[in-house]
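*Asks:* When we follow the UniProt record's numbering, the leftmost residue of the sequence shown carries the number 1, and every step to the right adds one. Just so it is clear, CB atoms sit at the ideal spot from N, CA and C, and this is done for glycine as well. Submitted below is the structure of interest, expressed as structure tokens.
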Amino acid sequence: VISMFIYIFYIDVFKIIIPWLSYSVPGILNIFILCITTLFALFCYTQLVLGDPGSVPHDYQPDYESARRIFEVKKKSGELRYCQKCRCYKPPRSHHCRACQRCILKMDHHCPWTNNCVGHANYHIFFVFLIYMTAALVHSVALISSHLVHLWSRSPIAFSSPSSSSPSSSS
Numbered sequence: 001v002i003s004m005f006i007y008i009f010y011i012d013v014f015k016i017i018i019p020w021l022s023y024s025v026p027g028i029l030n031i032f033i034l035c036i037t038t039l040f041a042l043f044c045y046t047q048l049v050l051g052d053p054g055s056v057p058h059d060y061q062p063d064y065e066s067a068r069r070i071f072e073v074k075k076k077s078g079e080l081r082y083c084q085k086c087r088c089y090k091p092p093r094s095h096h097c098r099a100c101q102r103c104i105l106k107m108d109h110h111c112p113w114t115n116n117c118v119g120h121a122n123y124h125i126f127f128v129f130l131i132y133m134t135a136a137l138v139h140s141v142a143l144i145s146s147h148l149v150h151l152w153s154r155s156p157i158a159f160s161s162p163s164s165s166s167p168s169s170s171s
């Protein structure tokens, strides 16, 4: 994933912006926008990879008085939810992740790109990461598209119909 960040940044800056806009005001502005969005996305990505998604503490013990009032804590049989693999009680909205081998509070999903779960403690960072990545990709696509339009307008390709280029036959 980090290689993808670096490759896209390299292509945008050194193969498109600098040769096309050089160090003009639009060129520097585009480099600045790309640097900011890429750095913030990398910062969020690092926090997602290294951070704790919100694991259930091993010493978690449910409050049995409040467990009677909370419908979500109980299984269909009326018993408290217990994780056989972690050997602990599960709080409401927690799930066991097979990839991480632990129970996660308010687990959303296991992200293969970060090799970590998205849960209670890192959901907001995941959302911000998606915003920065979307901004960087939209900027990159707009930059590449405008560069292609610029190249096409400088050297237009002449399209000719097949009938005008073929020799006419007289009968």
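Count the CB pairs spanning the region 50-59 and the region 8-17 that are closer than 8 Å, and state whether there are at least three.
*Replies:* Segments in contact, no.
*Asks:* Please report how far the alpha carbon of residue 9 lies from the alpha carbon of residue 120, in whole angstroms.
*Replies:* The sequence position of residue 9 within the sequence shown is 9, counting from 1. The sequence position of residue 120 within the sequence shown is 120, counting from 1. Approximately 31 Å between the Cα atoms of the pair.
*Asks:* Give me the Cα-Cα distance between residue 18 and residue 40, rounded to the nearest whole angstrom.
*Replies:* Numbered from its first residue, the sequence shown carries residue 18 at position 18. Numbered from its first residue, the sequence shown carries residue 40 at position 40. When rounded, the distance between both Cα atoms is 22 Å.
*Asks:* Which term fits residue 140, buried or exposed, when burial requires 16 or more other beta carbons within 10 angstroms of its beta carbon?
*Replies:* Here residue 140 refers to the residue found at position 140 when the sequence shown is read from its first residue. It is buried - the Cβ of residue 140 has at least 16 other Cβ atoms within 10 Å.
*Asks:* Out of 24, 45 and 25, which one is the CA nearest neighbour of residue 128?
*Replies:* Here the question's residue 128 lines up with position 128 in the sequence shown. Ranking the options by Cα distance to residue 128, first place goes to 45.
*Asks:* Just how far apart, CA to CA, sit residue 30 and residue 132?
*Replies:* Working through the sequence shown from its first residue, we reach residue 30 at position 30. Working through the sequence shown from its first residue, we reach residue 132 at position 132. Between residue 30 and residue 132, the C-alpha separation is close to 15 Å.
*Asks:* Where does residue 118 sit, in a helix, a strand or coil, going by DSSP?
*Replies:* For the purposes of this step, residue 118 is identified with residue 118 of the sequence shown, where counting begins at 1. Residue 118 falls in the strand class under three-state DSSP.
*Asks:* Spatial neighbours of residue 37 within its chain, please: CB distance less than 6 Å, with the 5 preceding and 5 following residues excluded, ordered by chain position.
*Replies:* On the sequence shown, residue 37 is found 37 positions in, with the first residue counted as 1. Hits under 6 Å: 132, 135 and 136.
*Asks:* In angstroms with no decimal places, state the Cα-to-Cα distance between residue 80 and residue 49.
*Replies:* Here residue 80 refers to the residue found at position 80 of the sequence shown. Here residue 49 refers to the residue found at position 49 of the sequence shown. Near 32 Å, if we compare the C-alpha coordinates of residue 49 and residue 80.
*Asks:* Under 8 Å between the Cβ atoms of residue 58 and residue 88?
*Replies:* Sequence index remark: in the sequence shown, residue 58 carries index 58 (1-based). Sequence index remark: in the sequence shown, residue 88 carries index 88 (1-based). Cβ distance < 8 Å, so residue 58 and residue 88 count as in contact.
*Asks:* Have a look at residue 112 and residue 154 and give me their C-alpha separation to the nearest angstrom.
*Replies:* Position 112 of the sequence shown, counted from the first residue, corresponds to residue 112. Position 154 of the sequence shown, counted from the first residue, corresponds to residue 154. Going from the Cα of residue 112 to the Cα of residue 154 covers about 43 Å.
*Asks:* Out of curiosity, what's the CA-to-CA distance linking residue 97 and residue 104?
*Replies:* Stepping through the sequence shown from its first residue, residue 97 is reached at position 97. Stepping through the sequence shown from its first residue, residue 104 is reached at position 104. If I take the Cα positions, the gap works out to 7 Å.
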